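For the record, the sequence lines run as chains A and B.
Going by full-length UniProt numbering, the final residue of the first sequence carries number 174, and the count climbs one at a time with no gaps.
Going by full-length UniProt numbering, the final residue of the second sequence carries number 174, and the count climbs one at a time with no gaps.
The block underneath contains the structure these notes are about, expressed in C-alpha cells.
There are 2 protein chains.
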Amino acid sequence: MKLNDGPRTGSRDDSRDNSKASQKPRPLAGERRLGDFLCFAIYSANLAFGRAYKKGLDELGLTYPQWIAIVALWEQDGQTVSELGEKMFLESNTLTPILKKLEQMGYLRRQRDPADERQVRISLTEAGRRLREKGMHMKLVASTGLKPDEFARLQENVVTLRDNLIKATAEKAG
Amino acid sequence: MKLNDGPRTGSRDDSRDNSKASQKPRPLAGERRLGDFLCFAIYSANLAFGRAYKKGLDELGLTYPQWIAIVALWEQDGQTVSELGEKMFLESNTLTPILKKLEQMGYLRRQRDPADERQVRISLTEAGRRLREKGMHMKLVASTGLKPDEFARLQENVVTLRDNLIKATAEKAG
DNA sequence: TCCGATTTAATCGGATGCGATATATATGGA
DNA sequence: TCCATATATATCGCATCCGATTAAATCGGA
C-alpha cells in the first residue's frame with residue numbers, strides 16, 4: 001500500500017489545454033489541488049486543534065506542547081528527556097526549552113541521574129500534578145460531524161499513518 | 001456528535017488505588033493517556049509528515065509552508081494575502097514573512113492592488129511555476145498500512161474534523 | 001589503563017504560528 | 001468635506017520545531 005499523499009497520479013494528459021472547458025472547474029493548470037493532499041489536511045487540522053485548545057490552555061497558563069509534556073509525565077514520572085521525547089515525538093533540542101520553562105513555572109524538577117550523569121530525569125511537582133487535574137476539566141467539546149465509529153476509526157488510522165510515515169522516513173534515512 | 005478528544009469520561013472510580021494490580025498496566029494514576037487523544041495523534045502525524053517531506057523539500061530549497069504557498073498560488077494566481085491565507089488557514093502575521101522570503105528567492109511577486117492599495121496581490125514568476133513542476137516529481141511514497149478506501153475515508157474525515165473544529169472555535173470566539 | 005567512539009542534553013540559528021499592535025488605505029455618515 | 005471607523009498588511013515578541021554543533025559522561029577495545 002503506497003501513499004501518494006494526494007489524488008491519483010498517472011493518466012495526466014488532461015491537464016493543460018484549458019481551451020476545452022472541463023466539467024469540473026480546474027483552476028489554471030494544476031491537477032493536484034491543495035485540498036487533495038492528506039498532508040495538508042493533517043497540517044490544517046493540527047492548526048485547528050491548536051486554536052480550539054488555545055482558550056482553555058490560556059486559562060491554565062500553558063501552551064499546547066507544555067500541556068502534552070504534563071500529560072506524558074503524569075503517565076510516568078521520572079522519565080529521562082529521551083524517554084519523554086519518544087512519547088512526544090520530539091528531541092532534546094525542542095524539549096529542553098519547554099522543560100526548562102515548566103521547571104521555572106514550578107511544575108516539574110529536572111535533575112541529573114546520579115547513576116548516569118548524562119541523563120536528566122523529569123519529575124512533576126505537586127503543582128504539576130494539580131495542573132493536570134485542572135486540565136481534565138478543560139474538555140474540548142465540539143461538533144465533529146463524525147459518527148462515533150468514524151471517530152474511532154479516524155483516531156486509529158491517523159496513528160497507523162503516523163507510525164508508518166516514521167518507519168518509512170527512518171528507513172530512507174538509514 | 002460531541003468531541004471529547006480522548007477516551008470515554010465518566011465511571012472513573014477505577015483509577016487511583018493501584019494496590020490491587022489491574023489487568024492493564026495503568027501507569028501512576030491517569031486514565032487519559034497521551035495516545036488516546038485525537039489531538040495528539042494529529043499533532044504527531046503532522047510532525048511525521050513534515051519529517052517525511054523534509055528530504056524532498058530540501059532538494060527544492062523550500063520549507064513545507066513555502067511549498068504549500070506555491071501550490072496554492074498555482075491553483076489561482078494573483079490572490080491577495082487574505083485569500084491565500086484563507087486557503088492555507090493562516091493570517092498575514094504568519095504569511096507575510098513567508099511570502100517575502102519567496103519573493104526574495106525570486107519565486108513570486110508582491111504588489112499592491114492599484115484598485116485598493118490596502119491589498120497585496122501575489123503572483124508566481126516563471127521560476128515559481130517551474131518550481132511546482134519540479135515538486136510534482138517529489139512524490140512522497142511510503143507504506144501507509146491503510147487500504148485505499150481507508151485512506152480516502154481518512155482524508156475526508158480529517159477535513160470534516162478540521163472544518164467543524166474551526167466552526168466551533170469561531171462560534172465560541174464570537 | 002587509556003583514549004577514541006558513542007550516548008545524552010544542551011545550545012544555536014533559521015523558519016514557522018500567533019496574539020497584540022501598528023500603519024496605511026478605504027468607507028461612510030454628519 | 002471631514003473624521004471616526006473599518007479593513008488589509010505588516011511588525012513585534014514569544015514559543016515551538018529542527019538541523020547542526022557542542023559539551024559532558026560513559027563505554028569499550030587495545
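Every residue, glycine too, gets a C-beta built ideally from N, C-alpha and C.
Treat the numbers as computed from the prediction; the structure is a model and nothing was measured.
Spatial neighbours of residue i in its chain, beta-carbon cut-off 8 Å, leaving aside the 5 residues before and after
i	result
Ala21(A)	Residue placement at Ala21(A) is flagged as unreliable, the pLDDT there being 37, under the threshold of 50; the coordinate-derived value follows with that caveat. Closer than 8 Å at Cβ, skipping near neighbours: no residue.
Val71(A)	Arg132 and Gly135
Ser123(A)	Leu73, Asp77, Gly78, Leu108, Arg109 and Gln111
Leu60(B)	Trp67, Leu131, Lys134, Gly135 and Met138
Lys100(A)	Arg110
Phe151(A)	Thr144
Arg121(B)	Gly78, Gln79, Thr80, Arg110, Gln111, Arg112 and Asp113
Asp149(A)	none
Arg129(A)	Trp74
Listed by chain order, chain A residues near residue i by CB distance under 9 Å
i	result
Ile122(B)	In chain order: nothing, as chain A lies at least about 14 Å away.
Neighbour list for residue i in chain A, Cβ cutoff strictly below 7 Å
i	result
Ser44(B)	Phe89 and Arg162
Asn157(B)	Leu146, Glu150 and Leu154
Neighbourhood of residue i by C-beta distance below 6 Å, restricted to the same chain and skipping five residues each side
i	result
Gly30(A)	Low confidence applies to Gly30(A): its pLDDT is 47, below 50, so where it sits in the model is not reliable, and the reading given next is rough at best. Contacts found: none.
Met138(A)	Gly56
Leu34(A)	Phe40
Glu103(A)	Arg110
Gln119(A)	Thr80 and Asp113
Gly85(A)	Glu91 and Leu95
Asn93(B)	none
Ala168(A)	none
Nonlocal neighbours in the same chain, by C-beta distance under 7 Å from residue i, ignoring five residues either side
i	result
Gly106(B)	Thr125 and Ala127
Ile68(B)	Met88
Pro65(B)	Ile98
Leu154(B)	Leu146
Glu156(B)	none
Ile166(A)	none
Listed by chain order, chain B residues near residue i by CB distance under 8 Å
i	result
Tyr53(A)	Cys39
Beta carbon proximity, residue i to chain B, threshold 8 Å
i	result
Val71(A)	yes
Ala127(A)	no
Thr80(A)	no
Met138(A)	no
Lys172(A)	yes
Leu84(A)	no
Gly10(A)	Annotation note: pLDDT 39 at Gly10(A) (below 50); position unreliable, coordinate value reported separately. Taking Cβ atoms only, chain B never reaches closer than 8 Å to Gly10(A), which makes this a no.
Min CB distance residue i to chain A below 8 Å
i	result
Leu28(B)	Confidence in Leu28(B) is poor, its pLDDT being 49 and thus under 50, which makes the residue's placement too unreliable to answer from.
Arg112(B)	no
Ala48(B)	yes
Leu165(B)	yes
Leu57(B)	no
Residue interval of the beta strand (DSSP E) (run including residue i)
i	result
Arg121(B)	Asp116 to Leu124
Tyr102(B)	Checking the displayed sequence, the identity of residue 102(B) turns out to be Leu instead of Tyr. First-last for Leu102(B): Ser92 to Gln104, but that is the alpha helix (DSSP H), not the beta strand (DSSP E).
Arg51(B)	Taken as a continuous stretch (DSSP letters only), Arg51(B) belongs to no beta strand (DSSP E), being part of the alpha helix (DSSP H) at Leu38 to Leu60.
Leu73(B)	First-last for Leu73(B): Tyr64 to Glu75, but that is the alpha helix (DSSP H), not the beta strand (DSSP E).
Leu108(A)	Leu108 to Asp113
Amino acids of chain B, ordered along the chain, whose beta-carbon sits closer than 7 Å to that of residue i
i	result
Thr96(A)	Per Cβ cutoff of 7 Å: no residues; Thr96(A) is ~17 Å from chain B at best.
First through last residue of the alpha helix (DSSP H) which encompasses residue i
i	result
Met88(B)	Val81 to Met88
Tell me, please, whether the stretch 143–156 of chain B touches the stretch 74–87 of chain B by the rule of three or more beta-carbon pairs shorter than 8 Å.
no
So, does the stretch 157–173 of chain B touch the stretch 48–58 of chain A, judging by three or more C-beta pairs under 8 Å?
With a cut-off of 8 Å, the stretch 48–58 of chain A and the stretch 157–173 of chain B count as touching, because enough Cβ pairs lie within range.
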